[in-house]
Each structure stands twice: as structure tokens, then as C-alpha cells.
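Numbering (this note's numbering), first residue to last: 102 to 634.
Structure (C-alpha cells):
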């Protein structure tokens with residue numbers, strides 16, 4: 102296209118102003134303005150399927166087809182012959198506008214096509230076929246501007262690479278980046294596989310409240326809100342666990358939920374305050390059953406998507422070193438306490454939550470330059486030691502098992518080992534994916550652990566949970582032996598999609614506030630305006 106046609110010399114602000122003036126002129130002269138309906142004959146993928154195998158140079162003038170899509174490219178051979186590429190549903194079709202085939206005069210042809218820009222959504226009607234060079238094409242008789250794009254878009258060559266713009270304006274990212282569309286289609290496919298897996302096992306998908314009178318089911322700081330009519334403080338859920346276990350008590354023996362959890366914590370490469378998780382609960386199962394199921398589920402998912410159990414991953418991003426993750430089962434199992442003691446070369450003090458052991462673990466952290474947590478509770482110190490001595494061993498999928506009771510208030514005591522629980526976490530490349538355990542179903546013991554959590558909260562542990570009397574009452578009605586399991590969907594997708602930033606796998610990730618919206622808009626316009634069309 103010529104520079105006058107593409108407004109290449111204009112910055113993005115003037116480009117937008119000119120487009121608004123153009124559209125106002127179209128409205129004033131009575132031309133079609135944001136049509137309510139355009140009937141298409143078929144989708145672009147269906148068109149490609151039907152006409153993709155015809156011979157080069159073929160035109161079917163006995164058939165009239167209507168298509169629509171977003172204009173991604175405009176090329177002029179002359180004032181009487183213009184080529185467009187339109188794109189929709191991952192399919193491109195070339196549009197050939199020849200004045201000899203158009204249903205308008207020469208002057209009208211020039212006016213209509215001078216109004217089309219890259220990014221516009223158009224409807225076209227014409228004859229199906231292929232160009233002489235073999236490109237799938239529609240030889241059009243008419244073109245209708247269905248919805249204009251008022252902003253100058255980056256070219257396909259330069260792309261949209263600025264992360265801030267990509268995350269804040271995800272529609273632009275999806276419009277311009279094939280890779281982003283691939284990631285979110287992979288995400289959808291993975292979630293569908295997981296849902297189908299549990300449906301086939303006879304699980305019931307359920308929904309539990311996201312607004313809670315009391316929060317629990319995990320160690321995390323909640324978001325707080327207020328309900329005016331009820332005149333009470335409410336919490337965004339940090340986990341659905343306590344509700345789901347009440348369903349098991351009620352006789353729904355196998356339930357699962359895929360949904361959002363909310364934790365008022367930091368934002369980094371693997372944490373977003375709003376994230377997608379799946380939890381399931383299965384009566385008459387224990388953590389051994391759940392480890393077997395986890396191996397079967399995730400290895401099956403990897404094989405379904407990649408056709409292999411070995412996948413490449415770049416922990417430091419696309420330009421960094423590539424490592425191979427092997428999902429071949431069985432996966433390694435590391436005992437939480439035993440691995441810490443192996444790394445230390447000496448035993449932890451007993452009891453694990455004693456003052457003596459807390460002081461010992463503080464000394465160990467200082468000796469090994471491990472950041473001390475706040476508050477310095479036994480649970481938080483044990484978690485720090487595991488991060489240093491155990492989690493780093495988990496390159497390929499590995500289970501860390503048998504966590505101390507003091508850091509697992511909802512897990513059942515181990516049937517053979519003192520002071521630990523029947524709990525496991527799944528780690529890949531040092532990152533947690535799953536957390537599961539044989540559920541604690543003895544009500545007096547559960548109340549005792551809730552009271553310990555309440556004491557920790559009173560001592561300054563903002564992640565400790567209060568006593569949930571409703572759940573304690575439910576437990577007194579009898580929870581059968583049960584296994585419970587939680588999976589971070591976003592982190593799983595990060596590994597499957599080869600992304601090291603959680604924002605890459607969440608359509609609209611949490612972003613830091615911009616002080617002034619106008620300033621933000623000017624910055625974005627400037628970034629986009631530097632990329633000429």
C-alpha cells in the first residue's frame with residue numbers, strides 16, 4: 102500500500118482521529134454504518150476445507166460465497182486491483198478485489214476500498230477459487246465494513262512484543278500473536294481433558310461458594326469484602342476444601358470443582374492473586390490411591406497433547422537453557438522429614454513443633470543463608486527447610502510425602518510414623534503443582550488443630566485460619582475415610598505451554614495499578630505508534 106493509504110506518516114493519535122472523522126463522514130452520507138447483521142455462507146476453516154484443493158487459477162462463477170474476518174494485510178496492484186488477507190479462526194483467506202468483477206462504479210470502487218484499513222472487520226461476497234499462484238482466494242463482488250479498527254496496529258513482521266501492552270490489552274495480543282492463541286487453546290484442551298477424566302471415573306462436578314463467612318482450606322491471606330444487607334464481613338475463598346468435604350459427608354462420594362481461588366499475596370512469576378485450581382474428594386481413598394491417580398492423570402494428559410512423555414521446557418524463558426521434563430511413571434517419592442535430615446546430616450529435634458526444634462531450625466536457616474520466615478513458627482521454618490533441601494531435588498515430577506502434622510492441620514495422622522501426616526505434594530522443576538492427603542476425619546483432633554491455627558493467627562501468622570464451627574459440626578456427623586487433592590491449573594499449563602511466567606497462561610492477569618489512566622493510554626499509544634503499519 103502507498104503511504105497515503107496506510108497513513109504511515111501519522112502517529113497513532115492522529116491515525117485514530119482521522120479514522121473517527123472517516124467513520125463520521127460515512128455515517129453522514131448514509132453509507133452502511135456498523136451493520137447489525139452480515140450473513141456468512143461458512144467459516145474460513147470450512148471454506149479452506151471445501152476449496153483448498155481446487156486447481157490454481159480456478160474460479161467458480163456458479164457459486165457465490167459470503168465470508169467475514171479481520172483484515173491483516175492490504176496490497177494494491179493498481180487502483181483497480183486490490184488484495185486483502187482476512188483472518189478468522191486460525192485461517193487466512195486472500196480477498197481479490199478487481200473492479201471488473203465489482204458491483205459498483207469505478208468511483209464507488211475507489212471510495213469503498215479507500216476506507217478499509219488493517220484491523221478492520223469486513224464482510225465480503227464473491228466467487229470461490231484460487232489465484233494463479235495457488236493461493237486460496239475469494240474473488241469478490243462486494244465488501245462491507247462491519248466494524249472498523251480505529252487504532253494503528255503493529256505489523257505482522259514486528260509483532261506485539263511489549264509485555265505490558267500484551268497483558269493489559271490481551272485482545273491485541275490475541276489478534277497479533279499466533280503463540281498466544283496457541284497457549285490459550287492448549288489451556289482449554291487440558292482443562293477439557295481433566296474434566297473428562299474425572300467424569301469417566303464417575304465424579305460429580307459441583308460448585309461451592311466463592312464468598313465465605315469464614316475462610317479456610319489452605320494457609321493463605323484472604324481478600325476481605327463487606328455485605329451491606331447482611332451487615333457482615335465476607336472473604337473471597339482461598340480454597341473450596343471445607344465445602345467439598347461436607348458434600349462427602351452428605352453422601353456425594355466423589356466430587357470435584359474447577360474454579361477460581363483468591364489469595365491476597367504477592368505477584369510474581371508463579372503467583373497471581375486470582376488463580377484457577379481443581380480440587381477433588383473421593384470417599385474410601387487414601388493418599389496412596391491419590392498418588393497413583395495423579396500419575397495416571399497427568400502422564401495421560403501429557404501424552405494426549407504431545408504424543409510423548411518427554412517435553413521441552415525453558416525455565417528462564419525462550420532464550421534460556423532448555424531442559425527435558427520426563428513424565429514417565431512411576432515418579433520419585435521423597436520423605437519430607439527424612440530428606441531434610443539427610444541434607445542436614447543430623448536429626449531435627451523432637452517434637453517437631455517444640456521450642457527447642459524451632460530454635461534449632463532458626464540456627465540451620467542462618468547457617469545455610471535461608472531467609473527466615475515471619476512469624477518464625479515451626480510450620481513456616483519446616484517449609485523453608487524443605488524448599489532448600491527437598492524441593493530442589495524435584496526436577497522431573499516427584500512427590501514429597503509425609504509432611505509434619507504441625508504444617509498440615511487438615512491431613513490425617515500417618516498410620517505408621519509419628520508426628521507426620523499422610524500428605525503429599527507434587528513438584529516439577531522445584532515448583533509445586535499438587536497438594537493432597539488422606540483427610541483428617543476425627544472431629545476432636547480437627548478442632549484441636551483448628552485451635553492451634555487460631556493461636557498462630559493471634560501470634561501474628563496472617564495465613565493461619567480461624568476455627569470453622571460449621572465444618573466441625575459437619576465432621577461430627579461422620580466423614581468416611583477420604584482422599585482429597587488440589588491442582589494448580591495455571592502452573593500446570595505453564596509447563597505444558599513452555600512458559601515461565603504465569604501471566605502468559607492467564608488471559609487477564611493481575612497488573613499493578615497505573616497512576617493515571619490517561620498517562621497509561623499515552624504510553625501505550627506511543628509504544629504502538631513507534632511501530633509503523
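Note that the Cβ used here is the ideal one computed from N, Cα and C, for glycine as well.
Using a Cβ distance threshold of 7 Å, residue 414 and residue 399 do not count as a contacting pair. Distance check between residue 446 and each of 438, 452 and 453 places 438 closest, using alpha-carbon atoms only. Here the segment 525-535 makes contact with the segment 486-505; the two share three or more CB pairs at distances below 8 Å. Taking all protein chains in view, the Cβ of residue 272 is surrounded by fewer than 16 other Cβ atoms within 10 Å, so the residue is classified as exposed. In the three-state DSSP reduction, residue 557 falls in the helix class (H, G or I).
Contact check for residue 523 and residue 513: beta-carbon distance about 5 Å, within the 8 Å limit, so the pair qualifies.
Three or more Cβ pairs closer than 8 Å define a contact, and the segment 455-473 falls short of that threshold against the segment 417-434. Inter-residue distance for residue 387 and residue 466 is about 33 Å (C-alpha atoms, whole angstroms).
In the structure shown, residue 382 adopts extended strand secondary structure according to DSSP, grouped into three states. No residue range can be given for residue 491, since it is assigned to no alpha helix (DSSP H) and is classified by DSSP as neither H nor E.
Within the model, the alpha-carbon separation for residue 307 versus residue 250 is close to 41 Å. In the DSSP assignment, residue 360 is bridged to 378.
The secondary-structure analysis by DSSP pairs residue 237 across a beta bridge with 231. With at least 16 other beta carbons inside 10 angstroms of its own, residue 225 counts as buried.
For residue 385, same chain residues with a beta-carbon under 7 Å away, outside a window of 5 residues either side, are 581 and 582 in chain order. Residues of the same chain with a CB within less than 6 Å of the CB of residue 486, apart from the 5 flanking positions on each side, are 441 in chain order. With distances taken between CA atoms, residue 254 lies nearest to 172 out of 172, 546 and 420.
Annotated three-state conformation of residue 350 is helix, per DSSP. Between the segment 468-476 and the segment 531-547 there are fewer than three C-beta pairs closer than 8 Å, too few to call the two in contact. Three or more beta-carbon pairs separated by less than 8 Å link the segment 351-364 to the segment 373-382, which places the two stretches in contact. Between the alpha carbons of residue 299 and residue 357 lies a gap of roughly 8 Å. Residue 528 is bridged by DSSP to 499 and 533. Secondary structure of residue 205 (DSSP, three-state): coil. By the neighbour-count criterion, in which 16 or more other beta carbons inside 10 Å mark a residue as buried, residue 263 falls on the buried side. From the listed residues 596, 310 and 418, the smallest Cα separation to residue 335 is found for 310.
The segment 249-329 contains, as complete beta strand (DSSP E) runs of 3+ residues, the segments 325-328 (chain order).
Collapsing the DSSP output to three states places residue 336 in a strand.
Burial of residue 186 is indicated by the presence of at least 16 other C-beta atoms within 10 angstroms of its C-beta.
Between the beta-carbon of residue 139 and that of residue 113 there is about 28 Å, and that puts the pair past the 8 Å contact cut. Distance check between residue 541 and each of 152, 606, 450 and 350 places 350 closest, using alpha-carbon atoms only.
Excluding five sequence positions before and after residue 317, the CB atoms of its chain that fall closer than 8 Å to its own CB belong to 339, 340, 342, 343, 566, 567, 569 and 572, given in chain order.
Going by DSSP, residue 163 is part of no beta strand (DSSP E) at all; its letter is neither H nor E. Here DSSP, grouped into helix, strand and coil, assigns residue 444 to helix. Setting aside the 5 residues that flank it on each side, residue 491 is surrounded in the same chain by 435, 437, 440, 441, 444 and 501, each with a C-beta closer than 8 Å to its C-beta; the list follows chain order. DSSP places residue 585 in the uninterrupted beta strand (DSSP E) bounded by 583-589.
Residue 346 has its alpha-carbon roughly 50 Å from the corresponding atom of residue 148.
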